[in-house]
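Protein chains: 2
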Amino acid sequence: MEQGLHPDLRIDQMPQTLREIVLGRMRTAIISGRFPSGARLVERTLCDQLGVSRSVVREVIRILEAEGLVESLPNRGPVVARLDWGQARQIYDIRLLLEGAAAAGCAAVADAGVKDRLAAAFAALEAAGGEDAVFEATTRFYEVIFRAAGHDIAWEIVQRLNGRISRLRALTLATVDRAVPGRVRMARIVAAIMANNAAAARQAVEDHLRDAAAIAQRMLEGE
Amino acid sequence: MEQGLHPDLRIDQMPQTLREIVLGRMRTAIISGRFPSGARLVERTLCDQLGVSRSVVREVIRILEAEGLVESLPNRGPVVARLDWGQARQIYDIRLLLEGAAAAGCAAVADAGVKDRLAAAFAALEAAGGEDAVFEATTRFYEVIFRAAGHDIAWEIVQRLNGRISRLRALTLATVDRAVPGRVRMARIVAAIMANNAAAARQAVEDHLRDAAAIAQRMLEGE
DNA sequence: GGTTGTATGATGGTATACCATAAGACAAGA
DNA sequence: TCTTGTCTTATGGTATACCATCATACAACC
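From first to last, the protein sequence lines stand for chains A and B.
Take the first sequence: its position 34, counted from the start at 1, is 34 in the numbering used here, and no numbers get skipped.
Take the second sequence: its position 205, counted from the start at 1, is 205 in the numbering used here, and no numbers get skipped.
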């Protein structure tokens with residue numbers, strides 16, 4: 001019996017479980033660098049800091065471990081994952097493939113709706129002030145591209161990889177000494193997609209990423 | 001003080017933790033299809049079947065969830081992840097990119113040692129009888145390629161993706177009605193790498209994968 | 001003095017107990 | 001008969017208790 005559901009009465013806010021909350025907190029704590037690379041994650045200490053039991057902390061650590069943000073040394077416990085340039089380079093290479101394909105796919109199928117969303121995301125990016133806001137806006141921008149291309153799984157993978165190089169990304173976003181400013185490169189991506197030019201979109205994304213990777217390398221090897 | 005370590009006395013067998021054992025068991029149970037797609041994974045039942053406590057089972061489920069093999073429905077608990085063709089197609093597309101790049105990279109840098117290992121892996125593949133053995137040998141074959149190319153992280157990703165389409169892979173491996181038998185395609189890959197021909201290696205891998213994807217699509221939409 | 005045995009504390013691994021809630025069954029009333 | 005309230009049970013969420021092991025320090029013995 002169809003009884004016309006009233007969307008306004010919907011309960012969207014599922015009662016978030018403690019685990020999800022703690023997962024979010026710890027993830028941002030690691031990504032933001034509050035827990036530095038290599039730092040030990042002592043379970044009982046985290047319990048005290050977070051006010052939850054070890055069950056929750058342990059399950060969250062397992063998730064973060066699977067995400068590559070945490071690694072567990074045998075008989076030593078979990079530590080924040082370390083990142084060397086060899087790994088970072090691989091991650092940038094993979095992003096080059098996945099983001100290039102997404103941009104090309106997006107450009108190939110972009111209709112008016114997609115272009116609207118992309119323009120909005122780009123405007124938000126340009127309006128964003130402050131590191132976190134830029135970070136967030138950049139994520140949204142790429143999400144539009146991946147979703148439009150129908151590459152949801154690739155998007156998941158890229159997000160996870162981005163988590164692992166988050167500190168590098170923050171550094172590259174803040175860097176101003178790049179040959180062509182990031183915003184200009186982003187604008188090229190937008191233009192290519194608006195023109196439904198798949199090859200140009202891929203090229204623009206790849207240029208942007210190679211640029212970012214070069215900066216990241218200087219950062220990582222310079223310290 | 002250097003005191004010449006005796007490799008023979010090494011203790012390799014790390015005292016595997018219960019969690020790792022259970023993780024392995026459950027992963028293969030899902031991949032092999034013993035837990036069918038969509039089946040509920042009731043924690044206490046699993047505890048009985050495995051003879052471990054819920055702590056262990058829950059942590060393992062978190063890992064499998066992060067791997068994409070399990071999904072947790074809110075207020076319903078974990079179930080074996082479902083797979084539709086839309087997702088499978090995306091996974092094959094990503095594999096196309098990553099495996100193509102790995103094969104090209106491997107061909108570009110392959111020296112005598114790599115070629116030896118590759119030949120050995122291919123021989124093992126041809127000698128393998130039985131579904132599981134073929135599966136295992138195929139994995140080893142690709143591992144040689146990825147490792148030689150230095151694409152460790154991409155290899156992790158591919159392995160994880162393969163877990164999600166394992167049942168499809170089993171079907172395609174068992175299929176004989178492909179235009180060109182799988183072994184022949186594999187031989188092309190080997191030949192291209194032996195000749196250090198990166199473009200040909202990429203092409204061979206891509207052909208092989210497109211073939212497998214086509215078979216998988218027929219399987220998945222046919223049932 | 002250096003080596004080795006031992007005690008102690010920190011920490012992860014594991015098991016279990018308890019609680020909140022959702023889903024299904026069933027009875028009572030219209 | 002259909003609705004509605006309630007009860008029960010299954011199940012996941014959370015906390016805690018206990019155990020095994022590793023690392024460190026220190027003492028004892030050669």
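Just so you know, even glycine gets a beta-carbon here, dropped at the ideal spot from N, CA and C.
Chain B contact for residue i (CB, 9 Å cutoff)
| i | result |
| --- | --- |
| Gly150 of chain A | yes |
| Ser53 of chain A | no |
| Leu46 of chain A | no |
| Gly86 of chain A | yes |
| Ile103 of chain A | According to the sequence provided, residue 103 of chain A is Ala. The question's Ile does not apply to it. By this cut-off, Ala103 of chain A is not an interface position. |
| Ile30 of chain A | no |
| Arg210 of chain A | no |
| Leu41 of chain A | no |
| Leu272 of chain A | Lying outside 1 to 223, the shown extent of chain A, residue 272 of chain A is not represented and no answer is given. |
| Ile21 of chain A | no |
| Leu73 of chain A | no |
| Arg62 of chain A | yes |
In DSSP terms, what residue i is bridged to
| i | result |
| --- | --- |
| Gly77 of chain A | A:Leu73 |
| Arg40 of chain B | B:Val79 |
Any chain A beta carbon closer than 9 Å to residue i
| i | result |
| --- | --- |
| Pro7 of chain B | For Pro7 of chain B, the predicted structure reports a pLDDT of 44, less than 50, and the residue's modelled location is therefore unreliable. The matter cannot be settled from this model. |
| Leu125 of chain B | no |
| Leu220 of chain B | no |
| Ile145 of chain B | no |
| Asp93 of chain B | yes |
| Glu67 of chain B | yes |
| Ile189 of chain B | no |
| Glu131 of chain B | no |
| Leu97 of chain B | yes |
| Asp12 of chain B | In this prediction, Asp12 of chain B scores a pLDDT of 48, lower than 50, which makes its location untrustworthy; the coordinate-derived value is nonetheless stated afterwards. Not closer than 9 Å to any Cβ of chain A, the Cβ of Asp12 of chain B fails to qualify, so no. |
| Gln3 of chain B | For Gln3 of chain B, the predicted structure reports a pLDDT of 37, less than 50, and the residue's modelled location is therefore unreliable. The matter cannot be settled from this model. |
Residues that residue i contacts on chain A, provided the C-beta gap is smaller than 7 Å
| i | result |
| --- | --- |
| Ala195 of chain B | Result: empty, since nearest Cβ-Cβ is about 24 Å, beyond 7 Å. |
Integer Cβ distance of residue i from residue j, believed to fall under 8 Å
| i | j | result |
| --- | --- | --- |
| Leu97 of chain A | Leu98 of chain B | 7 Å |
| Val70 of chain B | Gly38 of chain B | That pair is no contact at about 11 Å. |
| Ile215 of chain B | Thr172 of chain B | 5 Å |
| Val60 of chain A | Val114 of chain A | Rounded, the Cβ-Cβ distance is 36 Å, inconsistent with contact. |
| Leu64 of chain A | Arg164 of chain A | Not a contact, Cβ separation roughly 11 Å. |
| Ile94 of chain B | Ile153 of chain A | 7 Å |
| Ala170 of chain A | Ile189 of chain A | The pair is not a contact, with the Cβ atoms about 21 Å apart (cut-off 8 Å). |
| Ala285 of chain B | Val184 of chain B | Residue 285 of chain B is absent from the model: chain B starts at 1 and stops at 223. |
Interface residues of chain A facing residue i [CB-CB closer than 9 Å]
| i | result |
| --- | --- |
| Ala213 of chain B | What Ala213 of chain B touches in chain A: nothing, since even the nearest Cβ is about 14 Å away. |
Within chain B, the residues that residue i reaches when beta carbons sit closer than 7 Å
| i | result |
| --- | --- |
| Ala154 of chain A | Gln90, Ile94 |
| Glu59 of chain A | Arg58, Glu59, Arg62 |
Within chain A, partners of residue i - CB distance below 8 Å
| i | result |
| --- | --- |
| Ile157 of chain B | Ile94, Ile157 |
For the region 127-139 of chain A against the region 187-206 of chain A, are there 3 or more C-beta pairs whose distance is under 8 Å? no
So does the region 203-222 of chain A actually touch the region 109-117 of chain A, counting three or more Cβ pairs closer than 8 Å? no
How do the region 131-146 of chain A and the region 74-82 of chain A stand: do at least 3 beta-carbon pairs fall below 8 Å, yes or no? no
I want to know whether the region 142-155 of chain B touches the region 45-58 of chain B - three or more CB-CB distances under 8 Å. no
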